[in-house]
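J.: This is the structure, below, for whatever I ask next.
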Amino acid sequence: MSLFRNSHLISFIKRKITFNAKSFTNHPSRKQTHPSADRNSKPILEILQKVFDTKTPGLKLLEISSGHGQHTGFFCEFFPNIRFQPTEHDQSLLPSIEAYAKDASNKNVEKPFQLDVTQDFHNWTVKFEESSFDYMMNINMIHITPIECSEGLFRNAGRLLKPGGFLVTYGPYAENGVLEPESNVAFDQNLKSRNPSWGIKDIKDLKEIARTNGIEFKEYFNMPSNNKTIVWQRI
Ligand SMILES: C[S@@+](CC[C@H](N)C(=O)[O-])C[C@H]1O[C@@H](n2cnc3c(N)ncnc32)[C@H](O)[C@@H]1O
82 MSLFRNSHLI SFIKRKITFN AKSFTNHPSR KQTHPSADRN SKPILEILQK VFDTKTPGLK
142 LLEISSGHGQ HTGFFCEFFP NIRFQPTEHD QSLLPSIEAY AKDASNKNVE KPFQLDVTQD
202 FHNWTVKFEE SSFDYMMNIN MIHITPIECS EGLFRNAGRL LKPGGFLVTY GPYAENGVLE
262 PESNVAFDQN LKSRNPSWGI KDIKDLKEIA RTNGIEFKEY FNMPSNNKTI VWQRI
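Here it is, written out as structure tokens:
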């Protein structure tokens, strides 16, 4: 399992390097894919179909750290009543996200823009009113960034979500000080060796950060490869 995680990481790094190289050689609109998104998109969709309202028109979703844009590109086809707003910290990934957005058959994906989630949303280049989103989504960012990114995610979600709106996060998590199985322990060590401020976060700590931002933990779903999808709700 740890080998799986490691090969997964190496593949992610290779793809990112490849993509960065390509972006300098004039392939600006090509959709990029990632093996982990290939694997987890359908299981995550099954959870979103339990959580999201599929009937009410005009709902809005903000995705933080869209990566290549593959998740939004896949999910938007199943929720024609929801407008997806992808965003990404890494500017070089925006052309791929935009390529997915352009191909959305429901035309329900906004142009992506660059943001740093540690920054207050008032400082983002695209401006939003408070309480303007029904949903927020954040996949595989929390463990691979410093805790400030989790704090920024919940802080901004506490302002941008409508009361009653849902934030959905996905990735590996510890629970009450317990990180298991061994493959997740090895993955956590690998992350910390790459950057000491990275690492798998504990749901208990995230609940505390959420609470201070007016967000409560609702439930989690165990997912393949020892990941979880967590549903949070703005109070
Ligand atoms: C492992 S990738 C996940 C990408 C995508 N969600 C997926 O699952 O394929 C982690 C993402 O976190 C993003 N990220 C890192 N620091 C960030 C920050 N300060 N604000 C927003 N996103 C950030 C990275 O740019 C990257 O896209």
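Under the working numbering, the first residue of the sequence shown carries the number 82, and numbering increases by one thereafter.
C-beta atoms are modelled at their ideal positions from N, C-alpha and C, and glycine is treated no differently.
Helix, strand or coil: how does DSSP classify Gln195 here?
T.: DSSP places Gln195 in strand when its eight states are reduced to three.
J.: In three-state terms, what does DSSP make of Ala255?
T.: It is a strand residue.
J.: Can you look up Lys299 in the DSSP assignment and give me helix, strand or coil?
T.: In the structure shown, Lys299 sits in a strand (DSSP, three-state: E or B).
J.: State yes or no: is the C-beta of Ile145 within less than 7 Å of the C-beta of Thr114?
T.: Not a contact, by the Cβ cut-off of 7 Å.
J.: Name the DSSP beta bridge partners of Ile316, please?
T.: Answer by DSSP bridge pairing: none, since Ile316 is not bridged.
J.: Taking the alpha-carbon positions, what's the Gly246 to Phe268 distance?
T.: Approximately 32 Å, taken between the alpha carbons.
J.: Given Asn303, which residues of its chain have a CB within under 8 Å of its CB, disregarding the five upstream and five downstream residues?
T.: Lys309.
J.: CA-CA distance, Lys285 and Leu272?
T.: Spanning the two alpha carbons is a distance of roughly 20 Å.
J.: Mapping DSSP to helix, strand and coil, what is Phe209?
T.: Looking at Phe209 - three-state DSSP - the assignment turns out to be coil, as it is neither helix nor strand.
J.: Give me the residue from Leu248, Phe298, Arg111 and Lys299 with the minimum Cα distance to Ser173.
T.: Closest by alpha carbon: Arg111.
J.: Ignore the nearest five residues each way along the sequence and tell me which others in Glu300's own chain have a CB closer than 6 Å to its CB.
T.: Excluding residues within five positions, the ones whose Cβ falls inside 6 Å are Val312.
J.: Less than 8 Å between C-beta atoms, sequence neighbours within five positions excluded: which residues of the same chain meet that for Lys282?
T.: Around Lys282: Ile223, His224, Ile228, Ser231, Tyr254 and Ala255.
J.: Here's a check: name, in chain order, each residue in its chain whose Cβ is nearer than 7 Å to the Cβ of Gly239, leaving out the five neighbours to either side.
T.: Same-chain partners within the cutoff: Asn294, Gly295, Ile296 and Arg315.
J.: Over what stretch of residues does the alpha helix (DSSP H) that includes Glu158 continue unbroken?
T.: Careful: Glu158 lies outside any alpha helix (DSSP H) and carries neither H nor E.
J.: When you compare the segment 184 to 192 with the segment 148 to 162, are there three or more beta-carbon pairs, one atom per stretch, that lie closer than 8 Å?
T.: Short answer: they touch.
J.: Inspect the beta-carbon positions of Pro305 and Pro124 and report whether they are closer than 7 Å.
T.: Yes.
J.: Assuming Leu129 and Gln166 form a contact by the criterion Cβ under 8 Å, report the distance between their Cβ atoms to the nearest whole angstrom.
T.: Between Gln166 and Leu129 the Cβ distance is about 15 Å, and since that is not below 8 Å, they are no contact.
J.: Taking its Cβ as the centre, do 16 or more other Cβ atoms sit within 10 Å of Gln151, making it buried, or is it exposed?
T.: Buried.
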